[in-house]
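J.:
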Amino acid sequence: MSLLNVQNLSLSIFDAEILRNINLRIESGQIVAVVGESGSGKSMTSNAIMQLLPEGTKSDGSIWLNDYQDLLKITEAEMCEVRKTKIGMIFQEPTKALNPLESMGAQVIEAIKLTEPGLTRIQYKEKAEIVLHRVGLENSRFPLSTYPHKLSGGQRQRVVIAIAISQKPKLLIADEPTTALDVTTQAKIMSLLKDLILQDNMGMLLISHDLGVVTDVADHIIIMKSGEIVEEGPTAHFFNDIKHEYTKALFAAAMQKGADKFVADYDEAVLEVKNLKKSYKLSGGETLKVVNNVSFKIKRGENLGLVGESGCGKSTLSRCILGVEPFSSGEILIKNKSFTGQKELRKHINIVFQDPYGSFNPRHKVARLVAEPFYALSNSLSKSEINEKVKDMLKHVGLSASDMDKYPHEFSGGQRQRIAIARALITEPSVVLLDEATSALDVLIREQILELLEKLSDMLGISYLFISHDLSTVRNITDRILVMKDGIIVEEGATAEIYENPQHPYTKALLDAAPDITKTVSKLKA
Amino acid sequence: MIIQLFKKSPLSFKIGFFISIAYVIAALLSFIWTPYDVMAINLEKRFIAPGIGHIFGTDHFGRDILSMIMVGARNAIAVSLVAVGIGMIIGVPLGLWSAATRSTGGRVIDEILMRGNDLVFAFPSLLMAIMITAVFGPGAMNAIIAIGIFNIPVFARMSRGGALGLWEKEYIMAARVAGKGKAKISYEHILPNIMNLLIVQATIQFSIAIIAEASLSYVGLGTQPPNPSLGRMLFEAQTMIFFAPWLALVPGLAIVMLVLGLNLMGDGLRDILDPKLRRKEPDGVEAKQNVSS
Amino acid sequence: MISFLLKRLFSLILTLFVATIIIFILIEVVPGDPAAFMMGLSTNTDAADALRAELGLNLSAWDRYFNWISGMLVGDFGISYTYRIPVSELVLDRLTVSLPLTIYALILSTIIAIPVGVISASKRGSFSDTFLMGTAQIGVAIPNFWFAILLVLLFSTTLQWFSAVGFVGWEAGFFPVLKSLTLPAISLALPQAAILSRVMRSSVLEVMDEDYIRTARAKGLTKRQALIRHGLRNAMIPVLTILGLQFSFLLAGGIIIESIFSLPGLGRLVFQAIAQRDLIVVKSIVTLLVLAVVMITFLVDLAYAWVDPRLRERGER
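Residue numbers (our numbering), protein chains in the order written: chain A, 19 to 544; chain B, -8 to 284; chain C, 46 to 362.
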């Protein structure tokens, strides 16, 4: 008997096919991971099991719960019973998943009341405290009256988990439960989930875009692409024999390859930050030091990584370097000249952003978008000269000259990132900031973009400053790494050294927290 | 392309569009032709009920109601157009400026402008209009100023709100990295992207201004006699309502139809122009997944 | 929460202060010689001189402003030029009509609009949604004074149920007063209810797309339960703002409606005062109405803080 048995599930929304012939099976005590990128249909699979589907959805096949209830056939009232007692769900965005107007206690108690009606208020409170304690929110520090906005993202996710397990479900569905969280929090939430599954003998459907995150905990892995399952198998044997091209790419993306890919061979510092400080006055008279005495150098052709979790000050630091935010004290030198935001210095620095969709004014054509950085040096070039340069640059990034007259929405995410790179490089800058520039891309495209960046760096002698929240993503593309925490650079060193021999406890914590697929896989193979 | 968009537009938009266009044509026509002279008093023909000859009847001076409505609508449209125009021309730059300074670290100008907005909102608009016209004397010009003033904060808030969201976008950051200043960015990147919002709001403000103009004329502070105005016609009809109800019904319906037409058009425009509803990006499916039903 | 409210209170007092300056300039400085303005066509210079002395016009504008404000703070609004009684008495008497009318209309508008908005949203696309929103669309387009005229026409002539106009006075008792205020309140409330129901509908629709509604549904609540327990309170937040704005609109809108129904309220007073150029009365009423609006804004802020725990603790909105 299976806890959950999905057979030939197909699904379409307003005639657009979303899922095709999905088969999956979950037993009690088992964790099944569904891995795929956005648009692969993995979230739709979980929504179909919960029967929380948008209007206009048509589904086919069957979803058997405990081999006797087909969730596609039962009434909405029966489905409410199933959601109450049989299935619990955890979502991606903990900041949005809780009602902001109600205390966390009230929201947990509401869930308990639905499964166990008729208890006294005190009994409910006790039960809520116990379940919150189980997810690591002790009553002494987090009383039931705490409102969601008082909690961090990780803590809120714990409340969502508490709501789900308070109803003692047999099946837990976790849809990207750690994606919105910092790396260190991510690891804690994953191990909490794993413990809960073992303790209560639940089954779990774990949905993620990251193979690294799930390998450690899952018993069975399913890879989805474009609404179909392309490969699956028990985790123990899964990595012995990867067949599908796509799985290989996912695996490579999750792997932490060694460094020494790019080599810096010049000594000249193109960007130097000296004792940079940036602080804000808070309303209580205190000052918040967002960037506190930061100094570093980037040599010509070097690739430097700047790593830290959200709120560490790396975004502020990069805005200061770009000259769009004034800093309190210190100095920024570009090619040994003090950076003042003056026009001739602006051409030496540019940026590529994470989101290929938000990076462009939707109303401008590519020619105008790519030429924008020339604004700073407008008087030196004629219109036709600029046009020629744009054409050349588009060819360099793998697009064609005819793309100049198109609008950004006519391109895919990867192509847009190429346009963004063209814009950043058009003035042949010395330093380009890459702000999580590859995180939003599909793995196959990510590789291509990284190759392109490497090629352009060789060609033009550009230095890159990779900014990321995740140590593993910069490992195979940087020469040196800076680790930032609370506005301070806590550790600096060659990439390989940082990985093999981290000095600062925070760096160690970051490394430990990052899911290490290589270790897990070698353990599995041993 | 515009014709295609129109064909695809919701029915309510088409209705609203045709009503509004009909009014505009009637108003423009009234410059050169009306069925009867609106200024001519002919006491022999007074209180003729609607029928052949005078399809909407005549009033207590024997003037043709249809002709008066055509000219009255023209006055109302002119007053509202100028008033909303004032609101946009002053309000939009203020809102853009406010958002630009706030997004680039300054707070003082934004605070002052927003408190100024609060101040205007603290005066009940109709009361303020009455006070202005009481001091400066009644007339179309003062009605325009009174209505216009209250349109300024509406457009300032709207453009500030829209602009603040856009200033977070990465393409604005890219423009700043390219060295562009606040004014250049606001004009080049922000304004075109909030234009849809502003057009929709302008339609709605326009319909509100029509009602406001009618209210002011009704209390005798707007367009002055003998120049016909819809509000004034309603005021004069009030005492004769028991034996000539069409005098109150026809101009009132004329206002309702015009306002309804504008509102339907505004709502339709919102549906057509709102990128949230029109989005056909590849991630559209993912966006739909968040819809619980 | 305290710091948030203090901040709002301070900003509102500042608003009020600036508003009095504007009113003062508009009424006492811009017309040049208010005494001559108030005397109208009369050329009797002795009377004008007497009035100037009475108004204290020989004082500097600054002193006059100061006297006006300090007088108002102790409840002295001056003596009406036409009625020859203290303005405060006059206004207080009229407020017993205008304030109940406004509140009555606000209550009517709310109890109509909220259910209509919720029903419409929860049955999106159905016949009842289309019908309700179509009606609301027409309601928004109807000027309230025309609606009032139609009501008078309908009730007092065609149906002849009761005399639609006039006011019985509070000594007649609560229900007779309620009866005489009902038609004016309806004509004020219906167009506003139409606006409010549209806001409520879109607010509910927006809230129903939020993630926490999905969490509630995953707990096993039905769609309706999730809406009632988690959706409504969140949906009320934008509606509160509109309610605050409507109060000020209804208060001012009452000015016209009162004259149609011959109610002895502030509206009629202000028109008479304008006609008789009694600037002292005009000035006082405008100031009072601004005060009322500012107070309502503050009440809305209080309501925000009451509904939203995030505001109770942080000072930002």
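The C-beta atom is built at its ideal place from N, Cα and C for all residues, glycine as well.
By how many angstroms is the C-alpha of A/L268 removed from the C-alpha of A/S313?
T.: Cα to Cα, A/S313 sits roughly 36 Å from A/L268.
J.: With DSSP run on the structure shown, which of helix, strand or coil describes B/E277?
T.: Caution applies to B/E277, whose pLDDT of 30 falls short of 50 and renders its modelled position unreliable; the model cannot decide the point.
J.: Assign B/H45 to one of three DSSP states: helix, strand, or coil.
T.: Three-state DSSP puts B/H45 in coil, outside helix and strand.
J.: Could you work out which residues of chain A lie near C/Y257, taking near to mean beta carbons separated by less than 8 Å?
T.: The answer, in chain order, is K114, A115, L116, N117 and P118.
J.: Is B/L239 close to chain C, meaning its C-beta is less than 8 Å from at least one C-beta of that chain?
T.: With the sequence shown as reference, residue 239 of chain B is identified as Ala, and Leu is not the correct amino acid for it. Yes, its Cβ sits closer than 8 Å to a Cβ of chain C.
J.: Taking C/L334 and C/I72 to be in contact with their CB atoms under 8 Å, please state how far apart those CB atoms are, rounded to whole angstroms.
T.: About 14 Å; that fails the 8 Å criterion.
J.: Give a yes or no on whether the minimum CB-CB distance between B/D262 and chain C is below 8 Å.
T.: No, B/D262 does not count as interfacial toward chain C.
J.: Is there a Cβ from chain B that is less than 8 Å from the Cβ of C/V338?
T.: Closer than 8 Å to some Cβ of chain B, the Cβ of C/V338 qualifies, so yes.
J.: So A/K104 and A/K188 are in contact, right, with Cβ under 8 Å, and what is the actual spacing, rounded?
T.: The pair is a contact, with the Cβ atoms about 5 Å apart (cut-off 8 Å).
J.: Once you ignore the five residues that flank B/V191 on each side, which residues in its own chain have a CB closer than 6 Å to its CB?
T.: So the qualifying residues of the chain are G257, L260 and R261.
J.: C/A348 bridges to which residues according to DSSP?
T.: BP columns for C/A348 are empty, so no partner.
J.: Applying a beta-carbon distance threshold of less than 8 Å, which residues of chain C neighbour A/A198?
T.: What A/A198 touches in chain C: nothing, since even the nearest Cβ is about 11 Å away.
J.: Which residues of chain C have a Cβ atom closer than 8 Å to the Cβ of B/R106, listed in chain order?
T.: Those are S56, L59 and T60, listed as they occur along chain C.
J.: In chain order, what residues of the same chain have a beta carbon less than 7 Å from the beta carbon of B/F8, not counting five sequence neighbours either side?
T.: If we look at B/F8 and ignore the five residues flanking it on each side, its Cβ neighbours are M256.
J.: How many whole angstroms separate the CB atoms of A/G505 and A/N310, which I take to be in contact at a CB cut-off of 8 Å?
T.: At roughly 4 Å, the Cβ-Cβ gap stays under 8 Å, so A/G505 and A/N310 are in contact.
J.: Below 8 Å, how does it come out for the segment 218 to 226 of chain B and the segment 59 to 67 of chain B: are there three or more Cβ pairs, yes or no?
T.: Counting Cβ pairs under 8 Å, three or more are found: they touch.
J.: Can you tell me the Cβ-Cβ gap for B/A90 and B/L155, rounded? I've got them flagged as a contact below 8 Å.
T.: Yes, B/A90 and B/L155 are in contact; Cβ-Cβ is about 5 Å, under 8 Å.
J.: Please tell me whether A/K275 has its Cβ less than 8 Å away from any Cβ of chain C.
T.: For A/K275, the predicted model reports a pLDDT of 49, less than 50, meaning its position is unreliable and no value from the coordinates is stated.
J.: Only counting the same chain, and skipping five residues up and downstream in sequence, which positions put a Cβ closer than 6 Å to that of C/L233?
T.: Answer for C/L233: A150, N189, L295, G298 and I302, listed in chain order.
J.: Go ahead and pull the three-state DSSP assignment for A/E349.
T.: Looking at A/E349 - three-state DSSP - the assignment turns out to be strand.
J.: Does DSSP put A/P15 in a helix, in a strand, or in coil?
T.: Residue 15 of chain A lies beyond the stretch modelled for chain A, which goes from 19 to 544, so this question has no answer here.
J.: Tell me whether the beta-carbon of A/V178 lies closer than 8 Å to the beta-carbon of A/K212.
T.: No; because the gap between Cβ atoms is not below 8 Å, this pair is not in contact.
J.: Measuring only between beta-carbons, confirm whether A/E390 sits less than 8 Å from chain B.
T.: At least one chain B Cβ lies under 8 Å of A/E390.
J.: Closer than 8 Å, Cβ to Cβ, to anything on chain B: give me those residues from the segment 405 to 435 of chain A, in chain order.
T.: Correct list: H427, S430 and G431.
J.: For A/E128 and C/A350, I'd like the C-alpha separation in whole angstroms.
T.: So the alpha carbons of these two residues sit roughly 23 Å apart.
J.: Output needed for A/G245: all residues of its chain with C-beta closer than 6 Å, excluding positions within five of it in sequence on either side, in chain order.
T.: If we look at A/G245 and ignore the five residues flanking it on each side, its Cβ neighbours are I36, L37, R38 and G59.
J.: So with Cβ pairs under 8 Å, would you call C/R278 a contact of chain A?
T.: So yes, C/R278 belongs to the interface.
J.: Considering only C-alpha positions, which residue in the set A/R43, A/L489, A/V248 and A/L542 is nearest to A/A531?
T.: The candidate whose alpha carbon is nearest that of A/A531 is A/L489.
J.: Here's a check: name, in chain order, each residue in its chain whose Cβ is nearer than 6 Å to the Cβ of A/K275, leaving out the five neighbours to either side.
T.: Reliability fails at A/K275, whose pLDDT of 49 lies under 50, so the model's placement of it is uncertain and no value is given.
J.: In chain B, what lies closer than 8 Å to A/K361 by C-beta?
T.: Under the 8 Å cutoff, chain B gives G170.
J.: At a CB-CB cut-off below 7 Å, which residues of chain A make contact with C/T286?
T.: Simply none; closest approach about 16 Å.
J.: Helix, strand or coil for A/L119? Go by DSSP, reduced to three states.
T.: Of the three classes helix, strand and coil, the one that applies to A/L119 here is coil, per DSSP.
J.: Let me know the beta strand (DSSP E) ranges lying completely inside the segment 199 to 229 of chain A, each 3 residues or longer, listed in chain order.
T.: You should have 221 to 226.
J.: Taking only runs that begin and end inside the segment 454 to 522 of chain A, name each unbroken beta strand (DSSP E) of 3 or more residues, in chain order.
T.: The segment 454 to 522 of chain A contains these whole beta strand (DSSP E) runs: 481 to 486, 498 to 503 and 506 to 512.
J.: Go ahead and label A/Q173 buried or exposed: buried means 16 or more other beta carbons lie within 10 angstroms of its beta carbon, across all protein chains shown.
T.: Buried.
J.: Got a sec: is the Cβ-Cβ distance from C/D353 to anything in chain A below 8 Å?
T.: It does: the Cβ of C/D353 has a partner Cβ on chain A nearer than 8 Å.
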